[in-house]
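Some notes on the structure that comes next.
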Amino acid sequence: MNSLSTPIQIIRPETIEFGSGTIAAVARFAKAKNAKRPLVIADAFNAARVDVLALPGDLSVFGEVKPEPDIPNLEKALAVARTARPDLVIGFGGGSAMDLAKLVAVLCTGSPTLADVVGVDKIAGRAVALVQVPTTSGTGSEGGIRALVTDPATRNKAAVQSPFMLADLAVVDPDLTMTVPPQVTAATGVDALAHCVEAYTSRRAHPAIDLYAIEGIRLVGRYLNRAVKDGTDREARSGLSLASLYGGFCLGPVNTTAGHAVAYPLGTRHHVAHGLACAVIFPHTLAFNMPATEAKTAAVLQSLGLPAAGTPAAAFDHAYRFCADLGIEMRLSALGVPADDLGAMADEAHAIRRLLDNNPRDLGRDAILQIYHAAF
Ligand SMILES: [Fe+2]
């Protein structure tokens, strides 16, 4: 863990509009920038309601963002962008749409390809404006500098990180999340929680980021159940939108650890939705890490409103019950993950060193396999 005197870069979008009705800020920004050719990157559902953005000019829409987007999906979006020649790119949707919007914004002009920019700080600049508008509460992608796309050849997530992918404007209007169904609300809410918990307990945790992490955890504990029960509960939706944004603030400077590394193969190999994968793995990594980060694990449970846990087994039980009570299916076997793939999944997760190296406790390949068996 870092101390207060450890240098850290705190990264946030230039402007954040937060709250009910802030959607109108997107059109205001486009007009102020004199945008003539805005391009919206969205999934089919959000592409169908693109009118709510009220964008001026000659609007183009790429409405084919897939869940867990892969490189061919990005190439398709880039082909649309190269024809549309946008001066403003808007990510409108969940993390998939916002991540693709980041990459489109930096790759649609000039010559670099995705392969040129995978890694940290490989991008020279950005020529078009970028606005992010989340429609779910989970990824926090609107607040961050990182984008992930799946490479179908390796089934790994290619990660691009650059301050040039930070939005000029993030518009976090909780009203846009009101129609998210209960099961997706639950899973994406635990994704936001996982960002906060993993950053808070990371080897790279930092007091300057801990405040976002612990407040994000508290907001999830207070509001996730309410939003799952009643999707029109505006206060609960607002609380989750803020938790998601705070989770996003944790990702740039600190990032996730074992929870996400162990969850990724569920998505890349078996198409389990990202939030759901994170939820299934969350209690396991929380309990595994507890011996290395006891005080912070206690703070996590307390902030979630859960009973204190004297042992990792008790921490597991409380966290598991929290997720299961939200209606989340917590068994890999019920999510279409075949038993004979668990070994290959463990190999793949164990290779994600960019996350595992920051886990507070060393997590070997066999320990990952044990987690998969226990979650099966
Ligand atoms: Fe996540």
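The opening position of the sequence shown corresponds to residue 3 in the numbering used here, with each subsequent residue numbered one higher. We put the CB at the ideal spot given by N, CA and C, even for glycine.
Just reading off the beta strand (DSSP E) that residue i is part of, what are its end residues?
i, result
"Pro-136", "131-136"
"Ser-62", "62-64"
"Glu-19", "17-20"
Determine the extent of the alpha helix (DSSP H) in which residue i is found, giving its start and end residues.
i, result
"Gly-1", "Any property of residue 1 remains undetermined from this structure, which presents the chain solely from 3 to 378."
"Gly-95", "Per DSSP, Gly-95 belongs to no alpha helix (DSSP H); it is in the beta strand (DSSP E), 90-95."
"Gly-75", "Checking the sequence shown, residue 75 turns out to be Asn, not Gly. Run containing Asn-75: 73-86, per the alpha helix (DSSP H) assignment."
"Pro-321", "The sequence given here has Ala at residue 321, not Pro. Its alpha helix (DSSP H) spans residues 314-326."
"Ser-305", "296-305"
"Asp-368", "367-377"
"Ala-311", "It is not in any alpha helix (DSSP H) - Ala-311 carries neither H nor E in the DSSP assignment."
"Asn-36", "Run containing Asn-36: none; DSSP gives neither H nor E here."
"Asn-48", "46-49"
"Arg-356", "355-358"
Spatial neighbours of residue i within its chain, please: CB distance less than 6 angstroms, with the 5 preceding and 5 following residues excluded, ordered by chain position.
i, result
"Pro-184", "Val-230"
"Glu-237", "none"
"Val-282", "Met-332, Ala-377"
"Leu-278", "Ala-189"
"Asn-360", "Ser-204, Arg-205, Arg-206, Thr-259"
"Leu-242", "Ser-139, Gly-191, Tyr-225, Ala-229"
"Thr-156", "none"
"Glu-350", "Pro-267"
"Gly-146", "Gly-250, Leu-253, Gly-254"
"Ala-56", "Ala-29"
Which of the three DSSP states is assigned to residue i in this structure?
i, result
"Leu-41", "strand"
"Gly-121", "strand"
"Arg-148", "strand"
"Gly-277", "helix"
"Pro-114", "coil"
"Lys-68", "coil"
"Ile-10", "coil"
"Ala-56", "coil"
"Met-332", "coil"
"Val-339", "coil"
"Asp-101", "helix"
"Thr-2", "Since the displayed the chain opens at 3 and closes at 378, residue 2 lies outside it and no answer follows."
"Ser-5", "coil"
"Thr-141", "coil"
"Pro-362", "coil"
"Arg-128", "coil"
Might you give, ordered along the chain, the residues of its own chain that have their beta carbon closer than 8 angstroms to the beta carbon of residue i, omitting 5 neighbours on each side?
i, result
"Ala-2", "Not covered by the structure: residue 2. The range shown for the chain is 3 to 378."
"Pro-154", "Asp-72, Ile-73, Pro-74"
"Ser-22", "Asp-175, Pro-176, Asp-177, Arg-236, Ser-240"
"Lys-68", "Asp-45, Asn-75, Ser-98"
Can you find the residues in the same chain that come closer than 7 angstroms, C-beta to C-beta, to residue i, ignoring five residues on each side of it along the sequence?
i, result
"Gly-329", "Pro-184, Gln-185, Ala-188, Val-230"
"Cys-325", "Val-192, Ala-281, Phe-284, Pro-285, Met-332"
"Glu-217", "Tyr-248"
"Met-180", "Gly-233, Thr-234, Arg-239"
"Thr-8", "His-208"
"Asp-6", "It is worth fixing the name first, because residue 6 is Leu in this sequence and not Asp. Correct list, in chain order: Pro-209."
"Ala-86", "Arg-39, Leu-41, Ser-62"
For residue i, verify whether its CB is less than 7 angstroms away from any heavy atom of ligand 3.
i, result
"Thr-138", "What this structure holds is ligand 1, not ligand 3."
*Which ranges would you report for the alpha helix (DSSP H) in the segment 206-262 if only whole runs of at least 4 residues count?*
209-231, 236-253
*asked:* At 3 residues or longer, what runs of the beta strand (DSSP E) sit wholly inside the segment 152-212?
replied: 158-163, 171-174
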